[in-house]
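Read the structure below first, then the notes.
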Amino acid sequence: MTEETNGVIVGEAARFHKPGENYKTDGYVVTNHTHTLLKEHLATTGGKVVTRFPPEPNGILHIGHAKAINFNFGYAKKTGGICYLRYDDTNPEAEEARFFDAILDMVRWLGFEPYKVTYASDNFQQLYEWALKLIDLNLCYVCHQGPEEIKGFNPPPSPWRDRPIEESRNLFIDMKNGKLEEGSATLRMKLTLEDGKQDPVAYRIKMVPHHRTGETWCIYPTYDYTHCLCDSIENITHSLCTKEFQSR
10 MTEETNGVIV GEAARFHKPG ENYKTDGYVV TNHTHTLLKE HLATTGGKVV TRFPPEPNGI
70 LHIGHAKAIN FNFGYAKKTG GICYLRYDDT NPEAEEARFF DAILDMVRWL GFEPYKVTYA
130 SDNFQQLYEW ALKLIDLNLC YVCHQGPEEI KGFNPPPSPW RDRPIEESRN LFIDMKNGKL
190 EEGSATLRMK LTLEDGKQDP VAYRIKMVPH HRTGETWCIY PTYDYTHCLC DSIENITHSL
250 CTKEFQSR
């Protein structure tokens, strides 16, 4: 947790990297473009800490959310930074307008005010265009396996993993245009298939109107695909997540 002693942050938060240090995990690839992007990022943020609280508006917040609110807003406040409230509204069948209002009320009840309220759906068009680019780079493919086939530890690679780029591109456009049935196809991202890992789903078909975009979309991005890209769009410096996301 974020703790303060005489104005000094202690505990785990005291060991966080500073903006611009570009924290790296094992195997992280740094290129010249990485340094260019980092300079642009620092020019935009002014070197400030930027965090976000990104709940899905599908229910009432619980004590775990209160901890996340305190950590994200509290760390930004203690370091002179800013914190966004970003609604992860990528699952329209489970989301209701009343939950959006309740979440903002809870943030304020805990004593915080968002720097800005944003929505993952603000970026649907950009996320779609990036997905097309990933297909063109042979980093995504359209798959027809069902949830039961990709469930569990270390399932075999998809039989559609090496399908032609143009075929995946055309199928993904068909998905977007409502030409494929719900559950018949997903877009998956290609990972290095180490033990226990599998290609995550980036897009799925949902024939459900969205509370903000109406019937514009019938494909919706998943959390795994959306989360990191929205972090990049908003220049988030510290993407604080719970342990369940450690293996992703």
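Here the sequence shown is numbered in this note's numbering, starting from 10 and rising by one per residue. All residues carry an ideal CB built from backbone N, CA and C; glycine is no exception.
| Asked | Found |
| --- | --- |
| Nearest neighbour of Gln154, chosen from Met184, Gly223, Trp169 and Gly36 [CA to CA] | Trp169 |
| Selection from Val151, Met198 and Thr99 that minimises the alpha carbon distance to Asn179 | Val151 |
| Leu200 (DSSP reduced to helix, strand or coil) | coil |
| Contact the region 85-102 vs the region 114-133: 3+ CB pairs below 8 Å | yes |
| CB of Arg172 within 8 Å of CB of Thr195, strictly | no |
| Inter-residue Cα distance where the pair is Tyr229 and Gly90 | 31 Å |
| Buried versus exposed call for Phe162 [16 or more other C-beta atoms within 10 Å across all chains shown] | exposed |
| Length at least 4, wholly inside the region 106-159: the alpha helix (DSSP H) runs in chain order | 106-118 and 133-145 |
| The region 58-73 contacting the region 101-110, beta-carbon criterion three pairs below 8 Å | yes |
| Where Leu84 falls, given that 16 or more other Cβ within 10 Å makes a residue buried | Position check: residue 84 holds Tyr in this sequence, whereas Leu was assumed. The residue in question, Tyr84, is buried, as its Cβ has 16 or more Cβ neighbours within 10 Å. |
| Nearest-angstrom Cα separation, counted from Glu203 out to Pro165 | 11 Å |
| Spatial distance of Thr11 from Leu249 (CA atoms) | Unreliable positioning characterises Thr11 in this predicted model, as indicated by a pLDDT of 49, which lies under 50. A coordinate reading is not provided. |
| Alpha carbon of Ala111 to alpha carbon of Thr40, nearest angstrom | 43 Å |
| Alpha carbon of Asp145 to alpha carbon of Ile174, nearest angstrom | 6 Å |
| Beta strand (DSSP E) runs contained entirely in the region 162-213, provided each spans 3 or more residues | 195-198 |
| Outcome for Leu38 when other beta-carbon atoms lying within 10 angstroms are tallied against a minimum of 16 | Inspection of the sequence shows that residue 38 is occupied by Val rather than by Leu. Result: exposed. |
| Those residues which DSSP pairs with Pro230 across a bridge | Tyr212 |
| Limits of the alpha helix (DSSP H) - the one that Ile78 falls within | Ile72 to Lys87 |
| Simplified DSSP state of Arg61, which is helix, strand or coil | strand |
| Opposing strand residues paired with Ile91 [DSSP bridges] | Val59 |
| Per-residue DSSP class, three states only, for Thr242 | According to the sequence displayed, residue 242 carries Ile and not Thr. Helix, per DSSP. |
| DSSP-derived helix/strand/coil call for Ile44 | At residue 44 the sequence reads His, which differs from the Ile that was named. Helix. |
| Cβ-Cβ distance between Ala75 and Leu119 below 8 Å | yes |
| Buried versus exposed, by CB contacts within 10 Å (16 or more), Ile72 | exposed |
| Buried or exposed (CB count within 10 angstroms, at least 16 for buried), Asn81 | buried |
| Where His50 sits in the DSSP three-state scheme | helix |
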